[in-house]
Amino acid sequence: MGKRAEKAAIQQQQIVESVETLAGLCMPITHTTISKMTGISRRTVERKLEKDPAFSLKTLQNRQKVRTFSEAYNTTIMLPKRRALYTESTNMRSESLGRFGDGTLFSCLCVLIGSIVRSLGEINSSNRCNNAFSFGHDFTNVMIRVENSNQKRRGISSRFVPLRRLREEGHFGLWFTRTGNYKCEEKCFSYTTTFHSAAIWGEAIRLFGQLSHPDCNEVHDYKVAVADLVHIKTHDVKLLLSRCIGIRDGYILMQDDCKPSASDTENRSRVYGTIVSLGSKTRLCAGLIGYDVTACFQSIAITRCDQSIESAEYRKFIANPKQYRKDLASSAGKTYPTIKRAMNAIAFGGKNSIPELDVYAKEAKQIGASVIAQAKLHRPKDYEYAKRLMEQKQGEGSTYEKEQNTVLFHLLAMDERLARDAMSDCFDDYPLQVHDAVYSHQVLDVSVLEKAIAQQTNFNMKVTKEIKDD
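So for the sequence shown, our numbering puts the first residue at 8; every next one is plus one.
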């Protein structure tokens, strides 16, 4: 047998094994999932399946439908089989590419959620009969949406497909409780999770921790203990398991994937990636120390604007942001998070609806306009670059006010980058970048960072240190 024929035979065997594994995990059998499982290109998979009718995609999918749920999963008595199936799939993946940044681990968690709910007899619809993955995926996405909507005090649209599918199940009320009245303008209701859904999620995380994971030996930038997943937001768990490079010694390994937006060709503004999307508590769970510039945009704006502008209230906020928000919340009869959201909206051009914030909002608007005007006069290259970034993002229906707010954001973000770079130079290894903060395992005194910012940028800024509580 020639090398080409030998390679083809190996690939054919890998495809067959991957299909059996996918069927065992109750995961969708598609060209894409087979490709991810084997490391063979999707096009090659399609071509090989077309050649042999016995292994056509339709035939393989029909084979999966014959399997009953109990043959593959039962959360109480089938754990060894589940572990063996999972190990088989991950080993195949490890041998081909050696990494898991394709969502494989998150898919396994979804299967565990579906298997738990199925074993409790809470899935009624016939289309869920053999697809624990599909149910678990919808369940997780609704939990994430509920989590986010409660933080932002918004509802969930009735058009949200995972929500619509879960509501078709007869036990939806066991998992989520509808609160409040229907909001016509948003076409949504508000929901909260129940103790039961929280217990399902916790049990799935526990079972996930018992699975056998092949060790990943790739270089990583930070890691999160699998045991800590139960304390982490649902959104962050999905993000970690979808983008990790592997697991070793009970830790989920992550690489820094941050990069500038496509429009920021000169890499002068913010960078975006997994570490930015994770919550601050999750970053601290990774053993990272956060070094955060206090009131960063406001500190930059007050330095860049015309110094003759009235800014007493603005400077009062910069001096002690937390205390300022607390005092304002007390006088306005609002919660601290409400005041914080309102002030963030004002900073980016939003309208103010809290009378106690009128003075601050007025000063913020004048200072912002002055920053743009000063940039036109004294930093024309920076202004033109910020304007270019704005033009590439603005769509139809954009107003002049929105365009100016976007230009202001990019002007401040470019200076924020300078402050962040000044802090980064103080570390032995380049730290992780998160907007107005840097994260590192190295312990430094904040005075070192404040001095570096002042020397390199001329901005007078305060830096706070954040460490995970024991």
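We put the beta carbon where it would ideally sit given N, CA and C, even for glycine.
Subject >> Reduced DSSP secondary structure (H/G/I, E/B, other) of G253 >> reply: In the structure shown, G253 sits in a strand (DSSP, three-state: E or B).
Original post:
How would you write the range of the beta strand (DSSP E) that T200 sits in, first residue to last?
Top reply: In the DSSP annotation of this structure, the continuous segment of the beta strand (DSSP E) that includes T200 starts and ends at C195 to T200.
**OP:** Going by CA-CA distance only, name the one from D264, K458 and R185 that's closest to D432.
**Re:** That would be K458, whose Cα lies nearest to the Cα of D432.
**OP:** Starting from T281, trace the alpha helix (DSSP H) both ways and give me its first and last residue.
**Re:** Here the alpha helix (DSSP H) through T281 covers T281 to S284.
Original post:
Between E423 and G297, which are expected to be in contact by the criterion C-beta below 8 Å, what is the C-beta distance as a whole number of angstroms?
Top reply: Contact flag wrong, Cβ pair sits at about 15 Å.
Original post:
How would you call F466, buried or exposed, if buried means at least 16 neighbouring beta carbons within 10 angstroms?
Top reply: Burial state of F466 is buried, judged by a 10 Å Cβ sphere holding 16 or more other Cβ atoms.
Original post:
DSSP three-state call for Q18: helix, strand or coil?
Top reply: Correct three-state label for Q18: helix.
**OP:** Run through the segment 212-250 for me and flag every whole beta strand (DSSP E) of 3 or more residues, listed as ranges in chain order.
**Re:** Whole beta strand (DSSP E) segments, 3+ residues: 229-232.
**OP:** Determine the direct distance from the alpha carbon of T272 to that of V445, and round the result to whole angstroms.
**Re:** C-alpha separation (whole angstroms): 22 Å.
Subject >> DSSP three-state assignment for F140, whether helix, strand or coil >> reply: Residue state for F140 is assigned as helix, using DSSP reduced to three classes.
Original post:
Under the rule that 16 or more other beta-carbon atoms within 10 Å means buried, what is E391, buried or exposed?
Top reply: Around the Cβ of E391, a 10 Å sphere holds fewer than 16 other Cβ atoms; the residue is exposed.
Subject >> Reduced DSSP secondary structure (H/G/I, E/B, other) of G297 >> reply: DSSP places G297 in strand when its eight states are reduced to three.
Original post:
Where does E398 land, buried or exposed, given buried means 16+ other C-beta within 10 angstroms?
Top reply: It is exposed - the Cβ of E398 has fewer than 16 other Cβ atoms within 10 Å.
Original post:
Does DSSP classify I163 as helix, strand or coil?
Top reply: Note: I163 maps to strand in three-state DSSP.
Original post:
What's the gap between the Cα of K369 and the Cα of A376?
Top reply: So the two alpha carbons sit approximately 11 Å from each other.
Original post:
What does E473 pair with, by DSSP beta-bridge criteria?
Top reply: In DSSP, E473 forms a bridge with G297.
**OP:** Flag this pair as yes or no: are the beta carbons of I17 and I41 separated by less than 8 Å?
**Re:** Contact flag unset, no.
Original post:
With 16 as the cutoff for other CB atoms within 10 Å, does S204 come out buried or exposed?
Top reply: S204 comes out buried.
**OP:** Pull up the distance between the alpha-carbon of G108 and that of L56, whole angstroms please.
**Re:** Annotation note: pLDDT 42 at G108 (below 50); position unreliable, coordinate value reported separately. Rounded to whole angstroms, G108 to L56 spans 25 Å at the Cα level.
Subject >> Anticipated Cβ contact below 8 Å, I239 with T289, distance rounded >> reply: Taking the Cβ atoms as the reference, I239 lies roughly 5 Å from T289, within the contact range of under 8 Å.
**OP:** Decide yes or no for the touch test of the segment 143-154 against the segment 110-127: beta carbon pairs closer than 8 Å, at least 3 of them.
**Re:** A contact exists between the segment 143-154 and the segment 110-127.
Original post:
Using the beta-carbon count (16 or more within 10 Å), is K333 buried or exposed?
Top reply: Classification of K333: exposed, given that the 10 Å Cβ count is below 16.
Original post:
In three-state DSSP terms, what is T75?
Top reply: Residue confidence is low: T75 scores 34 on pLDDT, short of 50, so the model does not pin down where it sits. Its coordinate-derived value is still stated next. Looking at T75 - three-state DSSP - the assignment turns out to be coil, as it is neither helix nor strand.
**OP:** Pick helix, strand or coil for K266, following the three-state DSSP scheme.
**Re:** Here K266 sits in strand by DSSP.
**OP:** Evaluate N131 with the Cβ neighbour count: other Cβ atoms within 10 Å of its Cβ, from every protein chain shown; 16 or more gives buried, anything less gives exposed.
**Re:** By the neighbour-count criterion, in which 16 or more other beta carbons inside 10 Å mark a residue as buried, N131 falls on the exposed side.
Original post:
Could you give the distance in angstroms between the alpha-carbon of S219 and the alpha-carbon of M468?
Top reply: Near 48 Å, if we compare the C-alpha coordinates of M468 and S219.
**OP:** Taking only runs that begin and end inside the segment 322-395, name each unbroken alpha helix (DSSP H) of 4 or more residues, in chain order.
**Re:** Runs of the alpha helix (DSSP H) spanning 4 or more residues and lying entirely within the segment 322-395 occur at 328-339, 343-354 and 365-385, in chain order.
Original post:
Which residues in the same chain as R171 place their Cβ atom closer than 8 Å to its Cβ, once the five residues preceding and following it in sequence are excluded?
Top reply: Cβ neighbours of R171 beyond the five flanking positions: S165.
Original post:
Three-state secondary structure (DSSP) at F179?
Top reply: Helix at F179.
Subject >> Limits of the beta strand (DSSP E) - the one that S431 falls within >> reply: Counted as a single uninterrupted DSSP element, the stretch harbouring S431 is not any beta strand (DSSP E) but the alpha helix (DSSP H) occupying residues Y407 to S431.
Subject >> Test item: CB-CB of L246 and L214 under 8 Å >> reply: Cβ distance not < 8 Å, so L246 and L214 don't count as in contact.
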